[in-house]
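Numbered per our numbering, the sequence shown spans residues 248 to 416. We put the beta carbon where it would ideally sit given N, CA and C, even for glycine. Remember, predicted model here, so these are calculated numbers, not experimental data.
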Amino acid sequence: MARGHRRKCLCCRKLFRPDPRNRRHQRYCSMPRCRSASKAASQARWLAAPDNQGYFKGPTHVARVREWRSRHPRYWSRAGPLQDQSLAQPVDFSSEGGDFARLALQDFLTEQPAVLIGLIAHLVGGPLQDSIVRATDRLLRLGQDILATAATSPGWQQPEPRTRSPPEP
Numbered sequence: 248m249a250r251g252h253r254r255k256c257l258c259c260r261k262l263f264r265p266d267p268r269n270r271r272h273q274r275y276c277s278m279p280r281c282r283s284a285s286k287a288a289s290q291a292r293w294l295a296a297p298d299n300q301g302y303f304k305g306p307t308h309v310a311r312v313r314e315w316r317s318r319h320p321r322y323w324s325r326a327g328p329l330q331d332q333s334l335a336q337p338v339d340f341s342s343e344g345g346d347f348a349r350l351a352l353q354d355f356l357t358e359q360p361a362v363l364i365g366l367i368a369h370l371v372g373g374p375l376q377d378s379i380v381r382a383t384d385r386l387l388r389l390g391q392d393i394l395a396t397a398a399t400s401p402g403w404q405q406p407e408p409r410t411r412s413p414p415e416p
């Protein structure tokens, strides 16, 4: 390939040779960080288009997703290649050096918003965004009501953050 066909990556600013099949529009090199930047830029361009502004919101799109799911009822029950490759690994709870030994449950959950969203989606029975939002609002109001009720009862004090104590011998 001639020397003039090299291009500067928009992310890392290093010179690279674009793939001959995508030479006219490839602007990022193949490094993982640059590929992620390319994906983010592509998604931002797609979301900026006027036709795509509300693509994931509203009753029209909820109906579109429901219709698609009715046509593909077994989609969520299939185990694809990703599930085959990521087999569960046993966790050794005997060592105290792991993250599980150091983090309290509430600390672990606040660091893992995906766990909370996944749990809510599991409780709701599906990953529809509108259902998750309604369930989250309902859970938030319930939690606030419980905390407000507990705060007005006599002798109630705000609980202090708990730290995990070392295991007893």
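Skipping 5 residues on each side, what residues in its chain have a beta carbon closer than 8 Å to that of PRO374? Result list for PRO374: ALA368, in chain order.
Cβ of HIS369 within 8 Å of any chain B Cβ: Reference to chain B is not applicable here, since this structure consists of a single protein chain.
Could I get the ranges of all uninterrupted alpha helix (DSSP H) runs contained in the region 354 to 400, with 4 residues as the minimum, in chain order? With a minimum length of 4 residues, the unbroken runs of alpha helix (DSSP H) contained wholly in the region 354 to 400 fall at 360 to 371, 376 to 399.
Roughly how many angstroms lie between the CA atoms of ASP266 and GLY372, to the nearest whole one? 43 Å
Using 10 angstroms around the beta-carbon of TYR275, count the other beta-carbons present and answer buried if the total reaches 16, otherwise exposed. buried
Do you know offhand how far TRP323's Cα is from CYS256's? 38 Å
Out of ASN269, ARG271, ARG270, ARG254, which has the shortest C-alpha to C-alpha gap to PHE263? ARG254
Using DSSP with H/G/I as helix, E/B as strand and the rest coil, what is ARG318? helix
Since ASP377 and VAL309 are thought to touch, with beta carbons under 8 Å apart, how far apart are those beta carbons, to the nearest angstrom? 5 Å
In the DSSP output, which residue or residues are listed as bridge partners for ARG264? ARG264 pairs with nothing; no bridge assigned.
Does ARG271 come out as helix, strand or coil in the three-state DSSP assignment? coil
Host alpha helix (DSSP H) of TRP293 (start-end): 279 to 295
What is the rounded straight-line gap between the Cα of ALA295 and the Cα of GLY301? 10 Å
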